[in-house]
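Quick mapping for you: the protein sequence lines, in order, are chains A and B. Numbered by the working numbering, the letters in the first sequence go through residues 599 to 796 in order. Numbered by the working numbering, the letters in the second sequence go through residues 599 to 796 in order. Note that beta-carbon positions come from the ideal geometry of N, C-alpha and C, so glycine has one too.
There are 2 protein chains.
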Amino acid sequence: MTKKNNTAPHHHGNLREALINAGLELLETGGTQALTLRKCAALAGVSHAAPANHFNGLISLKVAIMARGHFMFTEAMQQANAQAETSPWNQLNATCEAYITFARTHKTLFHLMFQSGCEELEGADKQSMSENQQACEASYGTLQQVCLPFEHTGNNALNTETMVWSLVHGYAMLFADKDCAMQDVPEFSEILPRLKLK
Amino acid sequence: MTKKNNTAPHHHGNLREALINAGLELLETGGTQALTLRKCAALAGVSHAAPANHFNGLISLKVAIMARGHFMFTEAMQQANAQAETSPWNQLNATCEAYITFARTHKTLFHLMFQSGCEELEGADKQSMSENQQACEASYGTLQQVCLPFEHTGNNALNTETMVWSLVHGYAMLFADKDCAMQDVPEFSEILPRLKLK
DNA sequence: AAGTAATATTGACAGTGTCAATATAAGCAT
DNA sequence: ATGCTTATATTGACACTGTCAATATTACTT
Numbered sequence: 599m600t601k602k603n604n605t606a607p608h609h610h611g612n613l614r615e616a617l618i619n620a621g622l623e624l625l626e627t628g629g630t631q632a633l634t635l636r637k638c639a640a641l642a643g644v645s646h647a648a649p650a651n652h653f654n655g656l657i658s659l660k661v662a663i664m665a666r667g668h669f670m671f672t673e674a675m676q677q678a679n680a681q682a683e684t685s686p687w688n689q690l691n692a693t694c695e696a697y698i699t700f701a702r703t704h705k706t707l708f709h710l711m712f713q714s715g716c717e718e719l720e721g722a723d724k725q726s727m728s729e730n731q732q733a734c735e736a737s738y739g740t741l742q743q744v745c746l747p748f749e750h751t752g753n754n755a756l757n758t759e760t761m762v763w764s765l766v767h768g769y770a771m772l773f774a775d776k777d778c779a780m781q782d783v784p785e786f787s788e789i790l791p792r793l794k795l796k
Numbered sequence: 599m600t601k602k603n604n605t606a607p608h609h610h611g612n613l614r615e616a617l618i619n620a621g622l623e624l625l626e627t628g629g630t631q632a633l634t635l636r637k638c639a640a641l642a643g644v645s646h647a648a649p650a651n652h653f654n655g656l657i658s659l660k661v662a663i664m665a666r667g668h669f670m671f672t673e674a675m676q677q678a679n680a681q682a683e684t685s686p687w688n689q690l691n692a693t694c695e696a697y698i699t700f701a702r703t704h705k706t707l708f709h710l711m712f713q714s715g716c717e718e719l720e721g722a723d724k725q726s727m728s729e730n731q732q733a734c735e736a737s738y739g740t741l742q743q744v745c746l747p748f749e750h751t752g753n754n755a756l757n758t759e760t761m762v763w764s765l766v767h768g769y770a771m772l773f774a775d776k777d778c779a780m781q782d783v784p785e786f787s788e789i790l791p792r793l794k795l796k
């Protein structure tokens, strides 16, 4: 039963990844409505019921896509870190900017990644859930690391993380599409310095 | 065509409100999945296609429900204001607590109210859209007012509003269900004081 | 080479949003 | 009051969706 690593094992190749890719594409082009098991199957060139062999229903595919989203998210933030100057504040600022840029660039995916409450995800299979949990921890870990230098007297790390995460996440959620904003919104770089960090 | 104000005008009475109520009930009991035109119609005791006379499709019903949600939201924040001490900081704190409590109490509705990007809402009818816009402005206005006293040298009001809104909204979105949190989350009252407000 | 497990297909079913055609009832003019 | 017009509700249909059971096909193991 153990798959050989490199070669395509079965009928399709590896359908699981293909379906996730198809789902990502549908999500970005057609919005949440377009993310459909049957459309994914069609895009991957298989029959409408083929996904059932890899995902325990639509919810599992969604969770798997969320996992992929969090990996992309982590990569984006880490790349921003790598390119930013190494001072703690520059690292934090670059990470937040990447956070917001990701939300703007992958609006639908970002919403999917964060919209779902816990109980909505029940029923997803173990593999998807595990992948998603790992990916979530990776993305949160990135933010956590850039917050760490700001741990000081009276400000424990958890408190600072939570504050920064809430601020950047709220900003990203509320103002990801500028068209929706009721008025002109100040840049995040004007807001972040108003946290008491040190 | 003008309706008399008090008496039920037609077959059902006023089906529009009944459908919104049904939608709210379905949302709270059965989650996002349960919000369905046909289920709303059944709950209101009409045929499956009756809603078409009041809503331009499912999206319009959703927008109307979002509007109702924002009205409830505004009421909750204003009630908290009324009960809190009148100092600016107490007012702000109470409003934020009410914000978070609403997100926790009406989790699914809260997500619906804020999840949808602009373009997903396209196609909703004018009445629903107008109601929702008014309700959004009302709820934002409440937050805006409690931020106003903190306008000071160098901090314009818009900047402060945006900061506070982002922080409380991010916190509410991320930690509305504690079960999902990766770790224990500090109370919001420990975070709010770390904004540079004055 | 044969057998077994994994994978994909086909067909079916209930549920969904939406549309067109029809029926019913309310409000208004005469 | 009577008839007309408009608003509202019903019925039936259609395509699309997720999901399941039965079957077929392929890959891996022995």
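Fill in: Beta carbon proximity, Pro649(A) to chain B, threshold 9 Å
Against the first sequence, residue 649(A) aligns to sequence position 51. Answer no: the Cβ-Cβ gap between Pro649(A) and chain B never drops below 9 Å.
Worksheet item: Is Asn757(A) helix, strand or coil when you go by DSSP?
Response: Translated into positions along the first sequence, residue 757(A) becomes position 159. Looking at Asn757(A) - three-state DSSP - the assignment turns out to be helix.
Worksheet item: For His704(B), which three-state DSSP category applies?
Response: The residue labelled residue 704(B) in the question sits at position 106 within the second sequence. Here His704(B) sits in coil by DSSP.
Fill in: Simplified DSSP state of Leu795(B), which is helix, strand or coil
In the second sequence, counting from the first residue as 1, residue 795(B) sits at position 197. Coil, per DSSP.
Discussion item. Does His609(A) come out as helix, strand or coil in the three-state DSSP assignment?
Written reply: Indexing the first sequence from 1 puts residue 609(A) at position 11. Here DSSP, grouped into helix, strand and coil, assigns His609(A) to coil.
Discussion item. Checking the sheet assignment: what are the DSSP bridge partners for His750(B)?
Written reply: Numbered from its first residue, the second sequence carries residue 750(B) at position 152. Looking at the DSSP assignment, His750(B) forms a beta bridge with Asn753(B).
Discussion item. Between Leu710(B) and Lys776(B), how many whole angstroms is the CB-CB distance? I'm expecting something under 8 Å.
Written reply: On the second sequence, position 112 is the one that residue 710(B) refers to. On the second sequence, position 178 is the one that residue 776(B) refers to. That belief does not hold up - the Cβ atoms of Leu710(B) and Lys776(B) are roughly 20 Å apart, past 8 Å.
Practice prompt. Please name the residue, chosen from Ala632(B), Ala692(B) and Ser714(B), that lies closest to Pro791(B) on a Cα-to-Cα basis.
Written response: By 1-based counting over the second sequence, the position of residue 791(B) is 193. Of the listed residues, the one whose Cα sits closest to Pro791(B) is Ala692(B).
Item to complete: Could you please give the first and the last residue of the uninterrupted alpha helix (DSSP H) stretch that includes Gln725(A)?
Response: One-based indexing of the first sequence puts residue 725(A) at position 127. Where Gln725(A) is concerned, the enclosing alpha helix (DSSP H) stretches over Lys724 to Cys745.
Worksheet item: Can you list the alpha helix (DSSP H) stretches of 4 or more residues lying completely in the region 645 to 710 of chain A, in chain order?
Response: Contiguous alpha helix (DSSP H) elements confined to the region 645 to 710 of chain A occur at 656 to 681 and 686 to 703, taking only those with 4 or more residues.
Discussion item. So with CB distances below 9 Å, who are the chain B contacts of Lys794(A)?
Written reply: By 1-based counting over the first sequence, the position of residue 794(A) is 196. What Lys794(A) touches in chain B: Pro791, Arg792, Leu793 and Lys794.
Fill in: Cross-chain neighbours of Asn654(B) in chain A, by beta carbon under 7 Å
Position 56 of the second sequence holds residue 654(B). Going along chain A, no residue has its Cβ under 7 Å from Asn654(B), so there is no contact; the nearest lies around 16 Å.
Worksheet item: Between which two residues does the alpha helix (DSSP H) carrying Cys638(A) extend?
Response: Taking the first sequence and counting its residues from 1, the one referred to as residue 638(A) is at position 40. The continuous alpha helix (DSSP H) containing Cys638(A) extends over residues Leu635 to Ala642.
Practice prompt. Kindly give me the distance between the Cβ atoms of Val744(A) and Gln676(A), rounded to whole angstroms, as I take these residues to be in contact under 8 Å.
Written response: For the purposes of this step, residue 744(A) is taken as the residue at position 146 of the first sequence. For the purposes of this step, residue 676(A) is taken as the residue at position 78 of the first sequence. In fact, because the Cβ distance is near 10 Å, the residues do not count as touching under 8 Å.
Item to complete: Output yes if chain B places a C-beta closer than 9 Å to the C-beta of Ala774(A); else output no.
Response: Within the first sequence, the letter at position 176 stands for residue 774(A). Against chain B, the CB of Ala774(A) has a partner CB under 9 Å away; the residue lies at that interface.
Worksheet item: By Cβ distance, which residues of its chain are closer than 6 Å to Tyr769(B), with the 5 residues on each side in sequence left out?
Response: On the second sequence, residue 769(B) is found 171 positions in, with the first residue counted as 1. So the qualifying residues of the chain are Phe786.
Item to complete: Give the residues of chain B in contact with Gln725(A), contact being defined as C-beta atoms less than 9 Å apart.
Response: Here residue 725(A) corresponds to residue number 127 of the first sequence, with the count starting at 1. Ordered by position in chain B, no residue passes the 9 Å Cβ test against Gln725(A), which lies about 19 Å from the chain.
Fill in: Other residues of its chain near Pro747(A): CB distance less than 6 Å, five sequence neighbours each side excluded
On the first sequence, position 149 is the one that residue 747(A) refers to. Cβ neighbours of Pro747(A) beyond the five flanking positions: Pro686.
Worksheet item: Between the region 660 to 675 of chain B and the region 699 to 715 of chain B, are three or more C-beta pairs nearer than 8 Å?
Response: Taking a cut-off of 8 Å for Cβ pairs, the region 660 to 675 of chain B and the region 699 to 715 of chain B touch, as three or more such pairs fall below it.
Worksheet item: What's the gap between the Cα of Gly739(B) and the Cα of Leu617(B)?
Response: Sequence index remark: in the second sequence, residue 739(B) carries index 141 (1-based). Sequence index remark: in the second sequence, residue 617(B) carries index 19 (1-based). When rounded, the separation of the alpha-carbon atoms in Gly739(B) and Leu617(B) is 28 Å.
Practice prompt. Starting from the C-beta of Thr630(B), find all residues in its chain whose C-beta is less than 8 Å away, skip the five residues before and the five after it, and write them out in chain order.
Written response: Sequence index remark: in the second sequence, residue 630(B) carries index 32 (1-based). If the five residues before and after Thr630(B) are omitted, its C-beta is found closer than 8 Å to the C-beta atoms of Thr706, His709 and Leu710, all from its own chain and listed in chain order.
Item to complete: For Ser714(B), name the three-state secondary structure that DSSP assigns.
Response: Taking the second sequence and counting its residues from 1, the one referred to as residue 714(B) is at position 116. DSSP, read as helix, strand or coil, puts Ser714(B) in coil.
Discussion item. Between Thr760(A) and chain B, is the shortest Cβ-Cβ distance under 9 Å, so that the two count as touching?
Written reply: The count along the first sequence starts at 1 and reaches residue 760(A) at position 162. Chain B places a beta carbon closer than 9 Å to that of Thr760(A), counting this residue as a contact.
Discussion item. Suppose you measure from the CA of Thr684(A) to the CA of Ala696(A); what does that come to, to the nearest Å?
Written reply: Mapped onto the first sequence, residue 684(A) falls at position 86. Mapped onto the first sequence, residue 696(A) falls at position 98. Whole-angstrom Cα-Cα distance: 16 Å.
Fill in: Interface partners of Pro784(B) on chain A, CB under 7 Å
Mapped onto the second sequence, residue 784(B) falls at position 186. Within 7 Å Cβ-Cβ: Leu756, Asn757 and Thr760.
Practice prompt. Alpha carbon to alpha carbon, how far is Leu656(A) from Glu718(A)? Give it in angstroms, no decimals.
Written response: The residue labelled residue 718(A) in the question sits at position 120 within the first sequence. The residue labelled residue 656(A) in the question sits at position 58 within the first sequence. Roughly 12 Å between the two C-alpha positions.
Worksheet entry | chain B residues whose Cβ lies nearer than 7 Å to that of Lys705(A) | The sequence position of residue 705(A) within the first sequence is 107, counting from 1. Within chain B, the residues near Lys705(A) are Gly715.
Practice prompt. Check whether the Cβ atoms of Leu613(B) and Asn651(B) lie closer than 9 Å to each other.
Written response: The residue given as residue 613(B) occupies position 15 in the second sequence. The residue given as residue 651(B) occupies position 53 in the second sequence. Yes, the Cβ-Cβ distance between Leu613(B) and Asn651(B) is below 9 Å.
Worksheet item: Does any residue of chain B bring its CB to less than 9 Å from the CB of Gln677(A)?
Response: Here residue 677(A) refers to the residue found at position 79 of the first sequence. It does not; no Cβ of chain B falls within 9 Å.
Worksheet item: Which of the three DSSP states, helix, strand or coil, is assigned to Glu785(B)?
Response: For this step, residue 785(B) is matched to residue 187 along the second sequence. In this structure, Glu785(B) counts as coil in the three-state DSSP scheme.
Worksheet item: Taking buried to mean at least 16 other C-beta atoms within 10 Å of its own C-beta, is Ser764(B) buried or exposed?
Response: Here residue 764(B) refers to the residue found at position 166 when the second sequence is read from its first residue. Here Ser764(B) is buried. Its C-beta has 16 or more other C-beta atoms within 10 Å.
Fill in: Within-9 Å CB hit, Gln631(B) to chain A
The sequence position of residue 631(B) within the second sequence is 33, counting from 1. Cβ-Cβ to chain A under 9 Å: yes for Gln631(B).
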